[in-house]
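Heads up: the protein sequence lines correspond to chains A and B, in order. If you count the first sequence from 1, you need to add 2 to reach this note's numbering. If you count the second sequence from 1, you need to add 928 to reach this note's numbering. All residues carry an ideal CB built from backbone N, CA and C; glycine is no exception. Read through the structure below, which is laid out as C-alpha cells, and then see the notes.
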Amino acid sequence: MAKVEARPSRPLSPHLTIFRPYINMVMSILHRITGSINYFGSAILAGWLAAAASGPEALATANALLGSPIGLLALFGYSWSLIHHALGGVRHLIWDFGVGLTKPAFRFMSWATIVGSIVITALIWIVGLIKWGAL
Amino acid sequence: MASFRTPLARVRGLGSAKEGTGHFWHQRLTAVANLILLTFLIFSVIRLAGEPYEVARAYFASPFVLVPSMLLALSAAFHMRIGMQVIIEDYVHGEGRKVALIMFNLFFALVIALTSIVSLLKLSLGA
C-alpha cells in the first residue's frame, strides 16, 4: 500500500523567483528597501544634531566623520534613498486619487521615479559640493 | 457580494482592529508633511555644509528653522514607525518575535524623535 503523507506537497502559487522582473515590481520592492534605509539613516541626522548640541568639538568630529570618503558615500546613499522614497511616495499619492491606474501610466511613473531620483540626487550633490568647497 | 457585517458596524467603519483606516490615513498625512519638510531639510544641509559651529547655532536659533526642523523630526519618526511596522507584520511570522520587533520599532522611533528634538532645543535655546 502506498504510504500516505501527513502533509502532501501541494502546488504553490508562483512567487518572486518565477516572474521576470518588471519595472513596477522593482520600484515596489525599492520603495520598501529605501524606506528601510531611511529608517536607519535617520540615526545620521539625529546623531549630527546631538553632536551639534554637544558643542563645537563634537560637531567638528561629526562633520569630519561625515566628510570622510565613507561618510560621504553613506550620505550619498541616504540622500538618494530619501529622494527615491519621496518620489515613490508621490506616485502612491497620485494613485490614491484614482489617477494613473493604467499600464502605460504605471510604466511611465516607475521610470520617472528611478530616473528622477538619480537626476535630483545628482543636482543636490553638485550644489552641495560647490557650497562645501569641494567642486 | 453579501456581507456578514451589520449595518451599524459598517456605519462606524472601524473594522476588526477597531482602528479603521487610521494607519493608512496617518501614513498619507505624514507623507505629505515629509514631502514639504524634506525640501527644507535638503536646503538646510546644503546651507550648513562645511560651516562651523557658530553658523549652525545661529541657523537653528531662528524659529523659522527650529519649528520646521522639529516638525520633520516628529513627522518622519511617526511615518517610519508605521512603515516599519507594516514590514514587520509582513515578513516576521513568529508571534513573539513580531511583538518584540514592533516594540523595538516604537522605541527606535521615539529615540530618534526625542534625540532630534532635545538636541534642536538645546542648540537653539540652550546656553
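Can you check whether the C-beta of residue i is within less than 8 angstroms of a C-beta belonging to chain B?
i       : result
K133(A) : yes
A138(A) : This structure leaves residue 138(A) out entirely; chain A is present only between 3 and 137.
R9(A)   : no
I126(A) : yes
L137(A) : no
L67(A)  : no
L103(A) : no
L84(A)  : yes
P58(A)  : yes
For residue i, go through chain B and note every residue whose CB falls closer than 7 angstroms to its CB, in chain order.
i      : result
N40(A) : M1008
S44(A) : A1004, M1008, I1040
A48(A) : I1040, T1043, S1044
P16(A) : Those within 7 angstroms of P16(A) in chain B number zero; the least Cβ separation is about 18 angstroms.
R34(A) : I1015
Listing by chain order, which chain A residues have their CB less than 7 angstroms from the CB of residue i?
i        : result
A977(B)  : G130, K133, W134
I1030(B) : Near I1030(B) there are no residues of chain A at all, since even the closest Cβ is about 14 angstroms away, more than 7 angstroms.
L1034(B) : Those do not exist, as L1034(B) stays about 13 angstroms from chain A at its closest Cβ, beyond 7 angstroms.
L1048(B) : L51
Would a check of beta-carbon distances place residue i closer than 8 angstroms to chain A?
i        : result
G1022(B) : no
A959(B)  : yes
I964(B)  : no
L999(B)  : no
V973(B)  : yes
Using a cut-off of 8 angstroms between C-beta atoms, extract the partners of residue i located in chain A.
i        : result
G984(B)  : According to the sequence provided, residue 984(B) is Ala. The question's Gly does not apply to it. Chain A residues near A984(B): A54, L61.
R956(B)  : L95, D98
V993(B)  : Correct list: empty, because the minimum Cβ distance to chain A is about 12 angstroms.
G1011(B) : G37, Y41
L1051(B) : L51, A54, A55
I1016(B) : Here the premise fails: no neighbours, minimum Cβ distance about 11 angstroms.
Just confirm the distance between the C-beta atoms of residue i and residue j, as a whole number of angstroms; I'd bet it's less than 8 angstroms.
i        : j        : result
I35(A)   : Y80(A)   : Not really, about 13 angstroms apart at Cβ, beyond 8 angstroms.
L994(B)  : L965(B)  : L994(B) to L965(B), Cβ: 13 angstroms. No contact.
L1029(B) : V1020(B) : 6 angstroms
I1040(B) : S44(A)   : 5 angstroms
F1010(B) : H954(B)  : Here residue 1010(B) turns out to be Ile, not Phe, going by the sequence shown. The pair is a contact, with the Cβ atoms about 6 angstroms apart (cut-off 8 angstroms).
S112(A)  : M29(A)   : 4 angstroms
Using a Cβ cut-off of 8 angstroms, pull out every chain B residue sitting near residue i, in sequence order please.
i      : result
G90(A) : Here the premise fails: no neighbours, minimum Cβ distance about 10 angstroms.
Could you check whether the Cβ of residue i sits closer than 7 angstroms to any heavy atom belonging to the ligand ZN?
i        : result
G1054(B) : Here there are no bound small molecules, and the ligand ZN is not part of this structure.
- [ ] Only counting runs of 4 or more residues, tell me where the alpha helix (DSSP H) segments fall wholly within the region 67 to 101 of chain A, in order along the chain.
- [x] With a minimum length of 4 residues, the unbroken runs of alpha helix (DSSP H) contained wholly in the region 67 to 101 of chain A fall at 71 to 98.
TODO: Please determine if the region 998 to 1006 of chain B and the region 958 to 969 of chain B are in contact, where contact requires at least 3 C-beta pairs separated by less than 8 angstroms.
DONE: Yes, they touch.
Task: At least three beta-carbon pairs within less than 8 angstroms, the region 8 to 22 of chain A to the region 984 to 995 of chain B - done: Judged by Cβ distances under 8 angstroms, the region 8 to 22 of chain A makes no contact with the region 984 to 995 of chain B, as fewer than three pairs qualify.
Open item on the list: With a threshold of 8 angstroms, are at least 3 pairs of Cβ atoms found where one atom belongs to the region 116 to 131 of chain A and the other to the region 74 to 90 of chain A?
Closed with: Yes: at least three Cβ pairs fall under 8 angstroms.
Task: Cβ contact check for the region 1044 to 1051 of chain B and the region 52 to 62 of chain A: 3 or more pairs under 8 angstroms - done: With a cut-off of 8 angstroms, the region 52 to 62 of chain A and the region 1044 to 1051 of chain B count as touching, because enough Cβ pairs lie within range.
- [ ] Give, in chain order, every unbroken run of the beta strand (DSSP E) that is at least 3 residues long and sits entirely within the region 967 to 1034 of chain B.
- [x] List check, beta strand (DSSP E) in window: nothing returned.
Open item on the list: Assess contact between the region 92 to 109 of chain A and the region 967 to 985 of chain B, defined as three or more Cβ pairs (one per stretch) separated by less than 8 angstroms. Is contact present?
Closed with: A contact is defined here as three or more CB-CB pairs under 8 angstroms, and the region 92 to 109 of chain A fails this definition with respect to the region 967 to 985 of chain B.
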